[in-house]
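Q: The structure follows.
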Amino acid sequence: MMKRRAAEKTSRPTIALLIESSSAFGRELQRGILAYVRERDVWSIQLPDNEPGFEHLATFSSSKPDGCIARIVDRRMAGKLKSLHIPVVDVAGGRDLSIGCWVATNHTRIVQLGIDHFLRRGFRRVAFCGDARFAWSNLRQKLFREMAGEHGLEVHLYRSVGRSRNPPPWKRISASLQDWVQSLPKPIGILTSHDLRGQQLLDACRATDVAVPEQVAVLGIDNDEMACNLSKPRMSSIVPNAFRSGYVAAQLLDDMLGRRLKKPIGIEIDPERIERRQSTDILVFEDQIVRDAMQIIRRHACDGLKVVDVVRRMRVSRRTLDAHFVDALGRTPHDELLRLRLDRVKELLLETSLSVASVARRAGFEREEYMNVAFKRTFGVTPGTYRRNRGGGAGLFEKQADRRSL
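What the sequence shown shows, in full-length UniProt numbering, is residues 1 to 406, in sequence order.
See below:
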């Protein structure tokens, strides 16, 4: 009896991870899952020998796992996982509760980040360059068209070649992108569905002598550092927080295995930030006053710059400067200064171990107390709480990972 109890106590559920490691998003998902597993030390992890997909599921007939976290890419894969009758968490964004729980990137927030990025640089023309083979790309395109239209922007969409799961020949993709980018009115800001598409678009710009970012500014999604830094010029990209998605997916599966969930739920994860690089490093405001003031503000926002300093350098009145900014951006120079400083605060909180007081000074705030108030008013949490919840994977950032029974 004692031996049987000891065996029961030490037995671990076997969890299959069907997540590709060829993409930055997939690797960050895996890191988040493994962080949760290391903290609790309760599972045995089963990894595929190569890139996972439907074919790998055939091995489950002889050794069925106790649970699975998967990037479910099509109906065939979904049907096979459903037939296994095990707890499943989908991290591909399919949002199908009949399969199990899901964790998905908040596409609305990602698209809004991209649109805001172009608006802050003065673009009134924007475009989306996606890949119609993927449902998540089509959703991002739909949201982009709707949200950019709400801002009164001129919107252009790329009609991608090939709609089956198999990619079309590269020469066909390249020719299509070159034709499209040449046909666009300029200057224009383009959000791509993911970094690979962004890299392909930058190649098309270079092949057709379209200047980046002077004529076309390109913003990717996923922040694949290899793809972004090998691109010419280096590509700006939205950081989706896949680590958090993986961590939350593991927590959900743990709850399912422990029967702490009465029914499947879905969770959306907000993106982290934009990693700014050369491909969007430009201002294209038609208003000369706004363009010149923005150059001063962007260069010195974290150096203790005040609006009165900008007014003095520009040799215009405060009222005139405010009026031009509100007309072009919908906000004042003071709002823009604060926004840039708070962006810098978030970067320092996540990327350094500086004290909160030191972060405030580095970001250009005269007093830590003022930074704390502004940060909480903008993001809903204090700087210290933001750092704890975004770093290391421990705990759930409630405002960001909002559980919703759907």
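Just so it is clear, CB atoms sit at the ideal spot from N, CA and C, and this is done for glycine as well.
Quick check on this structure: which residue in Ser183, Gly152, Gln182, Leu196 has the alpha carbon closest to the alpha carbon of Trp170?
A: As a working mapping, residue 170 is identified with position 170 in the sequence shown. The candidate whose alpha carbon is nearest that of Trp170 is Leu196.
Q: Measuring CA to CA, which of Ile99, Asn229, Leu321, Ala24 is closest to Asp292?
A: Taking the sequence shown and counting its residues from 1, one reaches residue 292 at position 292. Here the closest residue by C-alpha is Leu321.
Q: Which first and last residues belong to the beta strand (DSSP E) in which Glu268 is found?
A: Locating residue 268 in the sequence shown gives position 268, counting from the first residue. Segment 266-269, the beta strand (DSSP E) holding Glu268.
Q: Taking three-plus beta-carbon pairs below 8 angstroms as touching, is the stretch 245-260 in contact with the stretch 214-222?
A: No, because fewer than three Cβ pairs between the stretch 245-260 and the stretch 214-222 fall closer than 8 angstroms, the two stretches do not touch.
Q: I need the DSSP call for Glu368, collapsed to helix, strand or coil.
A: Here residue 368 refers to the residue found at position 368 of the sequence shown. Correct three-state label for Glu368: helix.
Q: On the three-state DSSP scale, how would you describe Phe54?
A: Position 54 of the sequence shown holds residue 54. Any reading at Phe54 is ruled out, since the residue's pLDDT is 48, under 50, leaving its predicted position unreliable.
Q: What number of angstroms, rounded off, separates the C-alpha of Ile296 from the C-alpha of Gly93?
A: Translated into positions along the sequence shown, residue 296 becomes position 296. Translated into positions along the sequence shown, residue 93 becomes position 93. Taking the straight line joining both Cα atoms gives about 41 angstroms.
Q: Exposed or buried, Ser23, counting other C-beta atoms within 10 Å across all chains shown (16 or more means buried)?
A: Indexing the sequence shown from 1 puts residue 23 at position 23. Buried is the call here.
Q: Give me the residue from Thr385, Phe25, Thr14 with the minimum Cα distance to Asp222.
A: Taking the sequence shown and counting its residues from 1, the one referred to as residue 222 is at position 222. The shortest Cα separation from Asp222 among Thr385, Phe25, Thr14 belongs to Phe25.
Q: Could you give the DSSP three-state label for Gly246: helix, strand or coil?
A: One-based indexing of the sequence shown puts residue 246 at position 246. Helix at Gly246.
Q: According to DSSP, Thr192 sits in a beta bridge with which residue or residues?
A: By 1-based counting over the sequence shown, the position of residue 192 is 192. The partner list for Thr192 (beta bridge, DSSP) reads Cys129.
Q: Taking buried to mean at least 16 other C-beta atoms within 10 Å of its own C-beta, is Arg312 buried or exposed?
A: Position 312 of the sequence shown holds residue 312. By the neighbour-count rule (16 or more Cβ atoms within 10 Å), Arg312 is not buried but exposed.
Q: Taking buried to mean at least 16 other C-beta atoms within 10 Å of its own C-beta, is Asn106 buried or exposed?
A: Within the sequence shown, numbered from 1, the residue matching residue 106 stands at position 106. Label assigned to Asn106: buried.
Q: Does the beta-carbon of Ile15 have 16 or more other beta-carbons within 10 angstroms, so that it is buried, or is it exposed?
A: Walking along the sequence shown from the start, residue 15 turns up at place 15. Flag for Ile15 reads buried.
Q: Would you call Thr192 buried or exposed, if buried means 16 or more other Cβ atoms sit within 10 Å of its Cβ?
A: As a first step, residue 192 is located in the sequence shown; it is residue number 192 there, counting from the start. So Thr192 counts as buried.
Q: How about Val103 and Val111: are their beta carbons less than 8 angstroms apart?
A: What you label residue 103 is simply residue 103 of the sequence shown in a count that begins at 1. What you label residue 111 is simply residue 111 of the sequence shown in a count that begins at 1. Contact flag unset, no.
Q: Gly67 and Ile86: beta carbons closer than 8 angstroms?
A: In the sequence shown, counting from the first residue as 1, residue 67 sits at position 67. In the sequence shown, counting from the first residue as 1, residue 86 sits at position 86. The answer is yes: Cβ separation under 8 angstroms.
Q: Per DSSP, which one or two residues make a beta bridge with Ala217?
A: Stepping through the sequence shown from its first residue, residue 217 is reached at position 217. Gly189, per the DSSP bridge assignment.
Q: Measuring straight from C-alpha to C-alpha, what distance separates Ser358 and Arg298?
A: Working through the sequence shown from its first residue, we reach residue 358 at position 358. Working through the sequence shown from its first residue, we reach residue 298 at position 298. Cα-Cα distance, rounded: 21 angstroms.
Q: Taking Thr332 as part of the alpha helix (DSSP H), name the residues at either end of that continuous run.
A: To locate residue 332, count along the sequence shown from 1; it is residue 332. First-last for Thr332: undefined, no H or E at that position.
Q: For Gln288, does the count of other Cβ atoms within 10 angstroms reach 16, so buried, or fall short, so exposed?
A: For the purposes of this step, residue 288 is taken as residue 288 along the sequence shown, with counting starting at 1. That one is exposed.
Q: Per DSSP, what are the beta-bridge partners of Arg273 in this structure?
A: Numbered from its first residue, the sequence shown carries residue 273 at position 273. DSSP lists Val239 as partners of Arg273.
Q: Starting from Trp102, follow its DSSP beta bridges and name the residues at the other end.
A: Position 102 of the sequence shown, counted from the start, is the residue given in the question as residue 102. Paired residue(s): Asp90, Gly266.
Q: How big is the Cα-Cα spacing for Pro213 and Arg341?
A: To locate residue 213, count along the sequence shown from 1; it is residue 213. To locate residue 341, count along the sequence shown from 1; it is residue 341. Approximately 24 angstroms, taken between the alpha carbons.
Q: If you draw a straight line from the alpha carbon of Arg75 to that of Ser83, how long is it in whole angstroms?
A: Here the question's residue 75 lines up with position 75 in the sequence shown. Here the question's residue 83 lines up with position 83 in the sequence shown. Between Arg75 and Ser83, the C-alpha separation is close to 12 angstroms.
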